[in-house]
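Residue numbers (full-length UniProt numbering): 1 to 265.
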Ligand SMILES: Nc1ncnc2c1ncn2[C@@H]1O[C@H](COP(=O)(O)OP(=O)(O)OP(=O)(O)O)[C@@H](O)[C@H]1O
């Protein structure tokens, strides 16, 4: 993404000069409520409505701002998948998870034995028992529903997962499970993850890079280790100071000078 500017009337609600997420990498957008994180994330799939969106947004080789509606539908789901805060609310309560999965696959042309295989492979990849495909949404926990949403994305072949506060509705242990699944998929399958979260402790356990937003603008970005260990912006320092356990969560990389400590010229 380059030079993203999202305006509603005269107000710029998100302005991001540069944002890239590579395969096998997790980038976290952090910042307080209303700082423009969700707007930035939704822009990547052309899902910001009622706003003036400018810039260059590429998902693979698709230019999101100039793509046809059909092309956009194709990338949503089959290339990039959105995982939102409350997946249970987004799942049709009258259908078993297996039916939801097979309908989604059918829409992308995958049917029959192929679809069953992909569904089972998807749920196994998020460490769920394929038995869960026989259950209805109300018969699974919030954490299972969230992992199912990720499984659905994987079954559809998503290479990028866009996760908006994927764990904020979950308790701490379940949050850790969801993050562990995302981390594993990033490491083992090269999934690219763009994560929106205001939870810096959680971000420190998964993000490779961090982009800090405030009032619609990027105030700081860099490797997670660098940003957490040596935040350059006062706002980032404030955010980090509010999370006492962070210094232990992310060991600071040594300063280049430290590497040579004690070694005289
Ligand atoms: N469609 C819209 N119409 C009017 N204002 C909007 C619209 N979408 C977002 N905004 C405003 O733009 C600003 C940025 O919103 P955004 O949801 O991107 O922030 P956020 O950092 O994700 O916040 P949160 O953590 O609360 O989700 C907010 O002030 C919000 O009220």
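The C-beta atom is built at its ideal place from N, Cα and C for all residues, glycine as well.
According to DSSP, residues forming a beta bridge with residue i
i           : result
residue 56  : 2
residue 189 : Partner(s): none; residue 189 has no beta bridge.
residue 81  : 161
residue 132 : Bridge partners of residue 132: none, in fact.
residue 310 : Lying before the first or after the last residue shown, residue 310 is absent from the chain, which here runs from 1 to 265.
residue 75  : Answer is none; residue 75 lacks a bridge partner.
residue 8   : 11
Any non-hydrogen atom of ligand 1 closer than 6 Å to residue i Cβ
i           : result
residue 57  : no
residue 44  : no
residue 39  : yes
residue 13  : yes
residue 34  : yes
residue 50  : yes
residue 240 : no
residue 8   : yes
Minimum Cβ-Cβ distance from residue i to chain D less than 7 Å
i           : result
residue 192 : The structure shown has no chain D; it contains just one protein chain.
Residue i to residue j span [Cα, whole Å]
i           : j           : result
residue 179 : residue 92  : 24 Å
residue 108 : residue 164 : 24 Å
residue 52  : residue 7   : 5 Å
residue 182 : residue 119 : 18 Å
residue 31  : residue 197 : 8 Å
residue 103 : residue 48  : 26 Å
residue 249 : residue 80  : The predicted model places residue 249 with a pLDDT of 44, which falls under 50 and marks its position as unreliable; any figure quoted below should be read in that light. When rounded, the distance between both Cα atoms is 29 Å.
residue 44  : residue 194 : 10 Å
residue 240 : residue 225 : 12 Å
residue 61  : residue 160 : 13 Å
residue 252 : residue 113 : Residue placement at residue 252 cannot be trusted, given a pLDDT of 44 that sits under 50; what the coordinates show is reported in the next sentence. Going by the C-alpha atoms only, they are around 49 Å apart.
residue 132 : residue 78  : 22 Å
residue 105 : residue 192 : 21 Å
residue 244 : residue 147 : 29 Å
residue 235 : residue 18  : 20 Å
residue 228 : residue 33  : 20 Å
residue 42  : residue 97  : 25 Å
residue 38  : residue 117 : 33 Å
residue 95  : residue 59  : 31 Å
residue 230 : residue 213 : 17 Å
residue 261 : residue 237 : Since pLDDT at residue 261 reaches only 40, below the 50 mark, its modelled position is unreliable, and no value is offered.
residue 20  : residue 40  : 12 Å
residue 115 : residue 101 : 8 Å
residue 128 : residue 173 : 16 Å
Range of the contiguous alpha helix (DSSP H) that encloses residue i
i           : result
residue 114 : 112 to 125
residue 147 : 142 to 155
residue 237 : 234 to 241
residue 87  : 87 to 90
residue 103 : 97 to 107
Range of the contiguous beta strand (DSSP E) that encloses residue i
i           : result
residue 222 : 217 to 223
residue 12  : 11 to 18
residue 211 : 209 to 214
residue 329 : Residue coverage of the chain in this structure runs from 1 to 265, which leaves residue 329 outside it and unanswerable.
Residue i vs residue j beta-carbon contact at 7 Å
i           : j           : result
residue 149 : residue 87  : yes
residue 142 : residue 169 : yes
residue 187 : residue 25  : no
residue 55  : residue 126 : no
residue 211 : residue 221 : yes
residue 155 : residue 122 : yes
residue 219 : residue 28  : no
residue 50  : residue 64  : no
residue 162 : residue 82  : yes
residue 70  : residue 190 : no
residue 36  : residue 216 : yes
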